[in-house]
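**Q** First the structure, then my questions, so here it is.
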Amino acid sequence: MTQLVPDVPADVLPEEKQKKTRTLSRGALVRRRFRRNRLAMVGVGILAVLLVGAYVLPYFLKFSYTDNDWNALGTAPDATHWFGTNHPGVDMLALTMRGLQKSLVIGLIGGPLTTLIAALVGASAGYFGGWIDRILMWVLELMLVVPSFLLLALIAPRLAGGTWLYFVVLLSAFGWMITARVVRSMTQTLKDREYVLAARYMGVNPLVIIFRHILPNVASILIVDATIQVGAVVLSESGLSYFGFGIQAPDISLGTLIADGQPDATTSPWMFFFPAGFLVLMGLCVAFIGDGLRDAFDPTAAGAKAVVKSIKRAKGPIAGSPAQDVVSNTARAEEGLAS
Amino acid sequence: MTTPASSLLASDAVLAVRDLRVSFPSEAGLVQAVRGIDFSLRRGETLALVGESGSGKSVTATSVLGLLPEGAQVSGSVRLEGRELLHLSDGEMSKIRGKEMGMVFQDPLSALTPVFSIGTQLVEALQVHQDLNDKAARARALELLDLVGIPDPKRRIDAFPHEFSGGMRQRAVIAMAIANDPKVIIADEPTTALDVTIQAQVLEVLKKAQEVTGAAILMITHDLGVVAGMADRVQVMYAGRPVESGLADDVFYTPHMPYTIGLLSAVPRMDEGGEKKALTPLEGNPPSMVSLPQGCPFAARCPIAVDVCREVEPELKASADGLLSACHRSTEIGDSVPREEMFPTPDVPAHDRSPRESRPAVLKVDGLIKHFPLMKGSVFKRRVGTVRAVDGLDFDIREGETFALVGESGCGKTTTLLQILELPKAQAGSVVVLGKETKSLNGKGRRELRRDMQVVFQDPMASLDSRMPIGDILAEPMKTHGWSKDRIAARVPELLSLVGLLPEHAERYPTEFSGGQRQRIGIARALALDPKLIVLDEPVSALDVSIQAGVINLLDELKVKLGLSYLFVAHDLSVIRHIADRVAVMYLGRIVELGDADSVFGQPSHPYTQALLSAVPLPDPRKERERRRILLTGDLPSPADVPSGCRFRTRCPKIGGLSAADAERCHTEDPAVQALGADHTAACHYAAALEVV
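Residue numbers (this note's numbering), protein chains in the order written: chain A, 176 to 514; chain B, 130 to 822.
Here is the structure:
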């Protein structure tokens, strides 16, 4: 503490300075911390493979998802049909890849979009209070009371002509309410914190405060929520598809595939378990990434911290004693805190 | 411990602790919270354990009470009248706690159950340990409440804790602690959460309780002033071990351990005014309790450390008559090594300033009023009263000046600050910042004004966004005011070195810094835009003494270097005595006394100022014994129900000595501000200077 500058040997400063000509901002630091999380990087990797696979693999397949192989109706996986075929003789691999294309996009856009709406509405209501809060909460309660499935079913046919991306927006528009309530109450406790006050007295724009101070501090719940929403959106899309809205035949999504395969799950498991397996894999990857993001945003996260230290130590031999000095300094600072 | 130690330990000790060691397993390793402490307490004696946060003093108290969390590893011995306590079961300890040993904790709010009345809790405390019927227990409870000075105990006994003020609650807790005539009272920071005037009252009650019960008090505190006034013997703790132990006078006047010397010299003294002198900071941090360095744990911060200090940890041994010190060089200290100037005191930059009248006013507050309506009803709200938080405030701050606002909690100082910082459009009275009337400003003008006026908050933990790296935190004000990226990138390292941190700290998160370092970051953020006025809201009250000195010096230095003006709000009068040029004392939303620091502290003329100053404990046992306290009765009245005439009359110590006609004037006429000197005013009908420090 106190005058650290004179404490440090004179030769340390120049070296440290040239090493870090410019300091990293929060965005860069979060990216760096995220990249250190191995499980999250595995999640990103698998997700990338899934995306590439879903879009590229169909070009190299013998069968398209619209072709019927009349010689193989409902056959188990073999050399020609790796994932087997369904009752009309369509190749399950081609179907799964096509379904994955749609579901990946729906899930990865819809999940975060739901959370974004929840975060914006919740944080604005909580931060501004007064009339804004009252109006937003009134809308929110209305949305909670009216059965969303009914509304979706009513609106969906009107949008039949448009692109299926409308459905993603619609699905998000009906899934944000509960999270928004939680975010609102968290914001109400955060808005009187001194760092928010400090920003206000600096003259920072309220919306900037929400994005810079409030949302990062509720990031944990937002990220967990987004992770869950990805799965939820994929499944509710399939629910709609089941009723004939959403993705329509001959187009296909993982949801419809799972719904179709469900009755045969015990007799012809390949029709159910391949699409279901991909959905689980997708959910798992998203969860890993979510965990990584949460740790990257949270400076107290044990995982990210331990990695920080090991990296610093790894630098030790290169930079010599100064780097170690920095490490011990950190430990001391933490000690002061613990008291 | 060695023989000299045992010579002190009289056989008539009520509580004897021998070689107590406590450690907790943690993620990082074993935390050695207490590493061998010995002490004994005789009847009617007060022993103070002093130390900074993390020195193991509270852990010592909890282990004596047998309240350590599970998983803690304890060894050594704790004997209460010869009976070993350490290995007793929780059930057996429960029979001792509250009966043989009374407890007074820091936070009186959480020490009482909110859903039971004070009386019920007291009666329960009595009946658990004594065979009393309800009637007798209640009678005894009334007696106890009367003893601790709760007015009208017959009525108050059925009140709930939330109906009591902080000071009253602490009195009730003391009543519970002494309910069963304990042998030992353990008081863990009993007055830290209270205002000075209330602190003085509670300490008096504690002394009285000790007289009545003849109990020994084990007092745990970080406030050296409280120690000087209360303790017979003092034990200074550092890194889980006692480093100095002896009679209070010896420890305060002839310490033989550099840590004690450093601690004493780092405290700002209210009795030392006059010419400005920098405080002596104690550089560095206490060591980590997980991996203690070899040798003396204080060696890294010690200015007189020699090679042996870094190799062998010194034992606690006799250094002078009756004084035990843990230092290899303890015999040299006070002899060949002088105590004064042991810790280097930085030079204060010279103030050369023109007379006050010729300097421009940075902030001018005129008749500022902030009333909050009290509403009732859920559907149709109606106004049932007014909280007069700030009720007509006038003061001005000139360039290069530190203006301090002092008062007890609830007097309206925070509201005043917020009123100035918010720059509200609609308010009664005027706030003029740098010559601009805040009411008439448009959006752009307000933003520009915000650039010139910055704030540093009390809690260094809460005032920095824990999710942002330091670099971003410092860049925020500059980004807001449209600085270019390159300019910000150049400014951040400059700011960090200005407040004594390293430029590469910019990449770290606030959690990696200690309290003092964070407060420095908070100050750096306030300085980012080269402001003219900085509003400091209790900037050092959350810091340990040794760290506080460094931050105060920094503030003093920056003021001269950058030509800043400070509006300083604090409740610690010693800090204010040290840093302020002018002082305003607030009571119930009004300034009752205002003037330059020397006049207000030297010749306080308003009875409230006198009481406030006399309540501040001095870290000087002899002076403490000689001082006469002006004890205020009762608590601050509610600002929703301001007394007629003079607001202070309900607690005024002077009004009793007035004739009926004179006193009548206090009841009916609101005293106007009257000038007492060149720069000294007070709002009292019968203002008269009195030396109290």
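Ideal placement from N, C-alpha and C gives every residue a C-beta, glycine not left out.
(1) Is residue 526 (chain B) close to chain A, meaning its C-beta is less than 8 Å from at least one C-beta of that chain?
(2) Measuring only the C-alpha atoms, how far is residue 528 (chain B) from residue 697 (chain B)?
(3) Is the shortest distance between the beta-carbon of residue 600 (chain B) and the beta-carbons of chain A less than 8 Å?
(4) Tell me whether residue 265 (chain A) sits in a helix, a strand or coil according to DSSP, three-state version.
(5) Does any residue of chain B bring its CB to less than 8 Å from the CB of residue 374 (chain A)?
(6) Would you kindly check if the distance between the Cβ of residue 277 (chain B) and the Cβ of residue 338 (chain B) is under 8 Å?
(7) Tell me which same chain residues have a C-beta within less than 8 Å of the C-beta of residue 543 (chain B), skipping the five on either side of it?
(8) Just to check my reading of the structure: residue 419 (chain B) and residue 158 (chain B) have Cβ atoms closer than 8 Å, yes? What is that Cβ distance to the nearest angstrom?
(9) Work out the CA separation of residue 305 (chain A) and residue 271 (chain B) for me, nearest whole Å.
(10) Does any CB atom of chain B fall closer than 8 Å to the CB of residue 261 (chain A)?
(11) Quick check on residue 201 (chain A) - is its C-beta less than 8 Å from some C-beta in chain B?
(12) Can you look up residue 187 (chain A) in the DSSP assignment and give me helix, strand or coil?
(13) Measure how close the beta-carbons of residue 745 (chain B) and residue 325 (chain B) come, nearest whole angstrom, since I'm counting them as under 8 Å.
(14) DSSP beta-bridge partners for residue 462 (chain B)?
(15) Expressed to the nearest angstrom, what Euclidean distance is found between the alpha-carbon atoms of residue 462 (chain A) and residue 562 (chain B)?
(16) Quick one: grab the DSSP three-state call for residue 715 (chain B).
(17) As a quick exercise: from B:719, B:208, B:645 and B:806, pick the residue whose alpha carbon is nearest that of residue 725 (chain B).
(18) Can you tell me whether DSSP reads residue 209 (chain A) as helix, strand or coil?
(19) Whole angstroms are fine: how far does the CA of residue 366 (chain B) sit from the CA of residue 147 (chain B)?
(20) Taking the Cβ atom as the reference point for each residue, do residue 734 (chain B) and residue 753 (chain B) lie within a distance shorter than 8 Å?
(21) Does DSSP put residue 735 (chain B) in a helix, in a strand, or in coil?
(22) By alpha-carbon positions, which one of B:551, B:205, B:586 and B:587 ends up nearest to residue 570 (chain B)?
(23) Consider the Cβ of residue 258 (chain A): report whether some Cβ of chain E lies at a distance smaller than 8 Å.
(24) Using the Cβ count rule (16 or more neighbours within 10 Å means buried), how would you classify residue 445 (chain A)?
(25) Does the stretch 630 to 643 of chain B touch the stretch 504 to 513 of chain B, meaning 3 or more C-beta pairs lie closer than 8 Å?
(26) On the three-state DSSP scale, how would you describe residue 330 (chain B)?
(27) On the DSSP bridge list, what partners appear for residue 388 (chain B)?
(28) Evaluate the contact criterion for the stretch 727 to 741 of chain B versus the stretch 420 to 431 of chain B: three or more CB pairs, one atom per stretch, below 8 Å.
(29) Using DSSP with H/G/I as helix, E/B as strand and the rest coil, what is residue 505 (chain B)?
(30) Could you list which residues in chain A have their beta carbon closer than 7 Å to that of residue 213 (chain B), in chain order?
(31) In angstroms with no decimal places, state the Cα-to-Cα distance between residue 530 (chain A) and residue 557 (chain B).
(32) Are the CB atoms of residue 808 (chain B) and residue 775 (chain B) nearer to each other than 8 Å?
(33) Please tell me whether residue 678 (chain B) and residue 411 (chain B) are closer than 8 Å, where the distance is taken between their beta carbons.
(34) Mind the definition here: the stretch 290 to 304 of chain A touches the stretch 432 to 445 of chain A only if three or more C-beta pairs lie below 8 Å; say whether that holds.
(35) Within 10 angstroms of the Cβ of residue 519 (chain B), are there 16 or more other Cβ atoms? Answer buried if so, exposed if not.
(36) So for residue 442 (chain B), helix, strand or coil by DSSP?
**A** Checking against the coordinates, here is how it stands:
(1) no
(2) 14 Å
(3) yes
(4) coil
(5) yes
(6) yes
(7) 666 and 698
(8) 4 Å
(9) 48 Å
(10) no
(11) yes
(12) Summary for residue 187 (chain A): the model assigns pLDDT 37, below 50, so the residue's position carries little reliability, and this model does not support an answer.
(13) 5 Å
(14) B:466
(15) 52 Å
(16) strand
(17) B:806
(18) helix
(19) 15 Å
(20) no
(21) coil
(22) B:551
(23) Checking the listed chains, one finds no chain E in this structure; the protein chains it contains are A and B.
(24) buried
(25) no
(26) helix
(27) Its beta-bridge partners do not exist; DSSP assigns none.
(28) no
(29) strand
(30) By Cβ distance, chain A contributes nothing, its closest Cβ being about 30 Å from residue 213 (chain B), past 7 Å.
(31) Since the first and last residues shown for chain A are 176 and 514, residue 530 (chain A) lies out of range.
(32) no
(33) yes
(34) no
(35) buried
(36) coil
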